[in-house]
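The sequence shown begins at 492 in our numbering and counts up by one. C-beta atoms are modelled at their ideal positions from N, C-alpha and C, and glycine is treated no differently. Below: the structure, in structure tokens.
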Amino acid sequence: MTNLHSGAAATGTGFRSRPRAALPALCATQITSWGIVYYAFPVLLSRLTADTGWSADAATGAFSVALLVSGVAGILVGRILDRRGPRAVMTGGSVIGVLALLVIAAAPSLPVFFLGWMLAGIAMAATFYPPAFAALTRWWGPDRIRALTIVTLAGGLASTVFAPLTAVLAEHLSWRQTYVVLAVILAAITIPAHALALRAPWPAAPPEPPATDRTPTPRSRPFLLLASAFTLSSFAMYAAVIGLIPLLTERGASASTAAWALGLGGAGQTLGRTLYASLSARTSVTTRTATLIALGAATSAALALIPGPMPLLVVLAVLAGIVRGNLTLLQATAVTDRWGTTHYGRLSGLLGAPAHIAAALAPWAGVALAGPLGGYAHLFAALAALSLISTILAAVCPVKVQTGRNWG
């Protein structure tokens with residue numbers, strides 16, 4: 492594969508243009524943004540529904556809408572990032588996130604609650620991994636995998652930090668008051684961090700290679716195949732995450748044991764992210780993509796077919812987490828590995844939008860399919876088959892692509 496991004500000239504960045512505070516700041520803001528805007532919700536859900544009388548399905552539906560809005564808004568966010576950089580986007584996203592939490596906390600009715608989560612979806616698109624990845628990709632250039640790994644390792648701590656903190660707050664405050672306190676924390680950490688640490692000049696995008704065909708990148712065969720592969724893989728992955736606890740309880744695990752298995756899978760996800768740089772250095776982009784998605788299919792198939800003993804199922808859950816950790820970084824580097832960094836924000840937004848939508852729908856679709864399929868073991872078998880189709884799409888996706896100006 493032709494190296495489209497070797498050296499500072501090719502990436503539009505140099506060592507002197509890297510803002511020193513950006514990496515630690517983004518680590519802190521990813522932990523805080525994910526922990527408050529995303530992971531606090533499942534902790535507060537039961538208290539929220541008990542207080543308001545809204546059904547769990549309705550409240551969770553609002554959260555799902557936020558994820559859908561995030562996927563769609565990510566396309567526009569990517570365009571702005573390419574032109575103006577991350578400071579205004581991520582600072583504005585933090586402000587919107589604080590406003591969203593305050594609307595959610597004060598919501599007198601379900602429609603207002605939905606409105607708050609729609610605002611939260613915009614905040615997710617502007618503050619979660621994709622804009623942070625765009626910033627690090629442009630600023631860190633050839634060293635981006637190291638920077639991306641550090642940020643995702645930090646982000647993996649979000650639930651570890653904020654799920655217990657949210658639970659402690661909820662023991663002493665109402666769910667509405669808890670969200671207000673979390674909004675204050677979000678404002679205190681993320682707004683100044685994004686505004687002050689991301690002030691460095693936004694490096695010019697690298698020059699585009701000469702166009703070799705007239706097909707715009709987002710409509711090209713490689714792009715569509717890769718988007719399809721990631722969409723199917725994301726659906727299977729997130730449906731498996733939500734389905735793990737009921738699968739294990741079907742096989743006799745206690746609720747506590749099943750929760751521990753899910754938590755250890757999260758630890759495996761963090762471990763997986765530490766392995767990606769080594770994997771990237773030793774494999775081609777096609778081999779890496781197809782292999783990781785195939786490993787996701789293999790872990791789902793193993794969980795579907797192996798009835799026990801329980802320690803073995805926990806080990807499989809950890810292995811599935813390791814694969815998920817690698818897949819996060821695989822998607823973060825997918826555009827640069829194939830099309831360079833010139834239009835990273837926009838192409839990443841377009842590539843990730845259907846995958847984000849699939850991830851938002853997967854938990855509910857998985858629960859809905861488990862009954863008709865005959866249980867969660869059969870659901871996991873179906874998810875393994877879906878991942879296998881994704882593997883095939885990734886394996887036949889061409890890599891040596893030069894788009895020139897045909898990206899729009």
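With respect to the C-alpha of A658, the residue from R574, S537, M609 and A623 having the closest C-alpha is S537. For the options H869, G754 and A856, the alpha carbon positioned closest to that of L810 is the one of G754. Put simply, the backbone Cα of A875 is about 42 Å away from that of Q668. In the three-state reduction of the DSSP assignment, T833 falls in the coil class, being assigned neither a helical nor a strand state. Contact check for A674 against V589 passes: the beta carbons are separated by less than 8 Å. Rounded to the nearest angstrom, the gap between the Cα atoms of A718 and L664 is 43 Å.
Fewer than three Cβ pairs drawn from the segment 590-609 and the segment 641-659 lie within less than 8 Å of each other, which leaves the two stretches out of contact.
A direct Cα-to-Cα measurement between P577 and Y767 gives close to 25 Å. Counting every other CB atom within 10 Å of its CB across the protein chains shown gives S561 a total of 16 or more, marking it as buried.
The beta carbons of V603 and L627 sit no closer together than 8 Å. Looking from the CA of G866, the closest CA among L535, G756 and E741 belongs to E741. Only exposed fits V887, as fewer than 16 other CB atoms lie within 10 angstroms of its CB.
DSSP places Y767 in the uninterrupted alpha helix (DSSP H) bounded by A746 to R773. Shown here, C888 sits in coil according to DSSP, grouped into three states, outside any helix or strand. R837 and T520 have their C-alpha atoms spaced approximately 22 Å apart. If you check the CB distance, T824 and I636 come in under 8 Å. Residue ranges of uninterrupted alpha helix (DSSP H) with 4 or more members, entirely inside the segment 524-572 and ordered along the chain, are 531-543. Straight-line measurement puts the Cα of L783 at about 22 Å from the Cα of L841.
When the Cα atoms are used, A749 and L739 turn out to be separated by approximately 6 Å. When secondary structure is reduced to three states using DSSP, G647 falls in the coil class, being assigned neither helix nor strand.
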